[in-house]
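Enquirer: I have a structure here, written as structure tokens, and I will follow up with some questions on it.
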Amino acid sequence: MSHTSEPQPLTASAGSPLRGALRPPGDKSISHRAMILGLLSIGETRIEGLLEGDDVLRTAEAARALGAGIDRLGEGRWVVRGVGIGGMTDPAGVLDFGNAGTGSRLMMGVVGGQDVTATFDGDASLRKRPMRRILDPLIRMGTQVLSEEEGGRVPLTLRGPREAIPITYETPVASAQIKSAVLLAGLNAPGTTTVIEAAATRDHSERMLRLFGAEVLVSPHGPGGHGRSIALTGQPTLRGTDVIVPADPSSAAFPLVAALIVPGSEVTIQGVMMNPLRIGLITTLLEMGADIERRNERDEGGETVADLHVRASRLKGVDVPAERAPAMIDEYPVLAVAAAFAEGVTRMNGLHELTVKESDRLAAVADGLRENGVTYRIEGDDLIVEGDGSAARGGGTVATHLDHRIAMAFLVMGLATQQPVTVDDGAMIATSFPSFLPTMRALGGRIAE
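Oh and the sequence shown: position 395 is 395 in the UniProt record's numbering, straight run, nothing missing.
Given below as structure tokens:
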């Protein structure tokens, strides 16, 4: 889906309490990585619970174009027959990643570390996103950038080396995508590739690389041990394996916040990943007074998962520390919505990374809050939302800028506002949560097309 069709406006309005149970889609981060590591492995990788959103399907198409055999066996069930490290072939055409920032950046690491040439492109939103932060370390590892748009943006063409050069790289910003791209390129390097990050980011790549047979050593780094040093031993033989994809906490965030702000609601969200580096939103909401109970904790696919029992709650404003950002970077839009219904001021610190997501999310969230009568201000890269403990006014039309999380966040807002909330386009929601509309409607949410 490259969003060339007519916009699909959606309007959410308040109604009855939300009730019921749901399982959100499979985690997008793990779904991307399962496809990519399946491509780089020998033998079959069988995946259960894959997120079948547009972003992940673009990664699957790219893996197929690079030589993998890929079949869909049923809903969420896929098999990938890999080619192994060094076994990829040049794709016949352009690798079109649509709106998929994660898929494109991770696959740049794959291509940039191996003896193949490929051109990357995407939709209008992806073409605006910076790729220089990915290309800089890859160039040090031997990747040639044959062509690129201004600022290292797509469309761009990469040619990888016969063998990558092992490096030690300190990431300039906290980004799991940068870290993962370097580690994936390092799979074809004869030696140890090390990534150093000042603040720990989501560690799905490290966990999954080990699952497929790579040797990855992770140790604390820097003052207080808040950072990480991740050392990958290059040129392993990766073996196909079985992957169970847990439910995506970033997708769970939307029904979770909806249940908290719609009076009288009681919802159970099943099988949600509880990785400590992904649950910053839950930590913050609990600090705000949210009634969220973790039940039935268990292990799926190398990750701890739990069922979340959520009841409508009176929330209070809190100060969200900047160091929590890597654990909830995708959840700030819907946290801002929760803050609009809280009593007092919520200050979200250190949100610079939001300005380079699918849209300038900081500006898009601020515009959406203003359209719906919420008092806010921006100080530097901090967002301050002033709630009064009652239902926000609503009544606005929100510009989504082709950003699925902006669309879903403000539809959640509309389920509890005094007046309905409209988003100008909901088509791109399919990139991460294809079943969002039927799921929210099944709980009792009123969202009209």
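Here a beta-carbon is modelled for each residue, glycine too, at the ideal position from N, C-alpha and C.
Excluding the 5 residues preceding and the 5 following glutamate 297 in the sequence, name in chain order all residues of the same chain whose CB lies nearer than 8 angstroms to its CB.
Expert: Taken in chain order, the residues that qualify are Met274, Thr304, Val305, Ala306.
Enquirer: At the level of alpha carbons, what is the spacing between valine 310 and leucine 146?
Expert: Their backbone Cα atoms lie some 51 angstroms apart in a straight line.
Enquirer: Is the distance from the Cβ of leucine 95 to the Cβ of alanine 65 below 8 angstroms?
Expert: In this structure, alanine 65 lies closer than 8 angstroms to leucine 95 by Cβ.
Enquirer: May I ask you to list the residues that DSSP assigns as paired with valine 318?
Expert: DSSP output for valine 318 lists no bridge partner at all.
Enquirer: The alpha helix (DSSP H) with leucine 281 in it runs from where to where?
Expert: Here the alpha helix (DSSP H) through leucine 281 covers 280-287.
Enquirer: Counting C-beta neighbours from all protein chains within 10 Å, is the total for glutamate 197 16 or more, i.e. buried, or is it exposed?
Expert: By the neighbour-count rule (16 or more Cβ atoms within 10 Å), glutamate 197 is buried.
Enquirer: Among the residues of its own chain, which have a CB less than 8 angstroms from the CB of alanine 92, if the five just before and after it don't count?
Expert: Ala65, listed in sequence order.
Enquirer: Using CA coordinates, which residue listed in Gly87, Gly76, Val195, His352 is at the minimum distance from glutamate 379?
Expert: Cα-wise, what sits closest to glutamate 379 is His352.
Enquirer: Decide if glutamate 331 is buried, meaning its Cβ has at least 16 other Cβ atoms within 10 Å, or exposed.
Expert: Buried is the call here.
Enquirer: Candidates Ile429, Asp299, Val385, Arg81: which alpha carbon is nearest glycine 337's?
Expert: The question names glycine, but residue 337 is valine in the sequence shown. Checked all of Ile429, Asp299, Val385, Arg81; the closest Cα to valine 337 is Val385.
Enquirer: Count the other CB atoms, across all protein chains shown, that sit within 10 Å of the CB of proline 255; report buried if there are 16 or more and exposed otherwise.
Expert: It counts as buried.
Enquirer: Based on the DSSP output, what are the partners of glutamate 44 in its beta bridges?
Expert: DSSP, once it has assigned bridges, lists Arg81 as partnering glutamate 44.
Enquirer: CB serine 104 to CB leucine 402, shorter than 8 angstroms?
Expert: Not a contact, by the Cβ cut-off of 8 angstroms.
Enquirer: Take the Cβ of phenylalanine 433 as the centre, count every other Cβ of all protein chains shown within 10 Å, and call the residue buried at 16 or more, exposed below.
Expert: Phenylalanine 433 should be labelled buried.
Enquirer: Output the distance between the C-alpha atoms of glutamate 287 and alanine 185, rounded to the nearest integer angstrom.
Expert: Cα to Cα, the separation comes out at about 39 angstroms.
Enquirer: At which residues does the alpha helix (DSSP H) containing phenylalanine 436 begin and terminate?
Expert: Run containing phenylalanine 436: 436-442, per the alpha helix (DSSP H) assignment.
Enquirer: Which word fits glutamate 449, buried or exposed, when buried means at least 16 other C-beta atoms lie within 10 angstroms of its C-beta?
Expert: Counting Cβ neighbours within 10 Å, glutamate 449 comes out exposed, since fewer than 16 surround it.
Enquirer: If I measure Cβ to Cβ from isoleucine 429 and keep anything under 8 angstroms in the same chain, skipping five residues before and after, which residues do I get?
Expert: Around isoleucine 429: His404, Ala407, Met408, Phe436, Leu437.
Enquirer: My guess is that alanine 391 and alanine 364 are in contact by the Cβ rule of under 8 angstroms, so how many angstroms apart are they, rounded?
Expert: At roughly 22 angstroms, the Cβ-Cβ gap does not stay under 8 angstroms, so alanine 391 and alanine 364 are not in contact.
Enquirer: Do you know offhand how far arginine 28's Cα is from glutamate 343's?
Expert: For the sequence presented, residue 28 should be read as lysine rather than arginine. Distance between the alpha carbons of lysine 28 and glutamate 343: 33 angstroms.
Enquirer: Just tell me which of Leu443, Trp78, Pro420, Thr422 has its CA closest to the CA of isoleucine 244.
Expert: Of Leu443, Trp78, Pro420, Thr422, the residue nearest in Cα terms is Trp78.
Enquirer: Taking 6 angstroms as the limit between beta carbons, can you name the residues of its chain near residue 502, skipping five residues before and five after?
Expert: Lying outside 1 to 449, the shown extent of the chain, residue 502 is not represented and no answer is given.
Enquirer: Would valine 83 pass as a contact of glycine 67 if the rule is Cβ separation under 8 angstroms?
Expert: In contact: valine 83 and glycine 67 (Cβ atoms closer than 8 angstroms).
Enquirer: Can you tell me which of the three DSSP states glutamine 418 falls into?
Expert: Here glutamine 418 sits in coil by DSSP.
Enquirer: Which residues in the same chain as alanine 164 place their Cβ atom closer than 7 angstroms to its Cβ, once the five residues preceding and following it in sequence are excluded?
Expert: Result list for alanine 164: Gly113, Met141, Gly142, Ala185, Gly186, Asn188, Ala189, in chain order.
Enquirer: On the DSSP letters alone, give me the boundaries of the beta strand (DSSP E) that serine 219 sits inside.
Expert: Unbroken beta strand (DSSP E) run through serine 219: 216-221.
Enquirer: Under 8 angstroms between the Cβ atoms of alanine 12 and glycine 445?
Expert: A contact, by the Cβ cut-off of 8 angstroms.
Enquirer: Provide the residue span of the beta strand (DSSP E) that contains proline 155, from first to last.
Expert: Residues 153-159.
Enquirer: Report the partner residues of glutamate 197 according to the DSSP bridge assignment.
Expert: BP columns for glutamate 197 point to Arg228.
Enquirer: With DSSP collapsed to three states, give me the class of aspartate 136.
Expert: Three-state DSSP puts aspartate 136 in a helix.
Enquirer: At what residues does the beta strand (DSSP E) containing aspartate 311 begin and finish?
Expert: Note that residue 311 is arginine in the sequence shown here, rather than aspartate. From DSSP, the beta strand (DSSP E) with arginine 311 extends over 303-311.
Enquirer: Spell out the partners DSSP gives alanine 100 in its beta bridges.
Expert: For alanine 100, which the question treats as bridged, DSSP gives no partner whatsoever.
Enquirer: If I measure Cβ to Cβ from isoleucine 279 and keep anything under 7 angstroms in the same chain, skipping five residues before and after, which residues do I get?
Expert: Once the five neighbours on either side are set aside, the close Cβ partners of isoleucine 279 are Pro249, Ala327.
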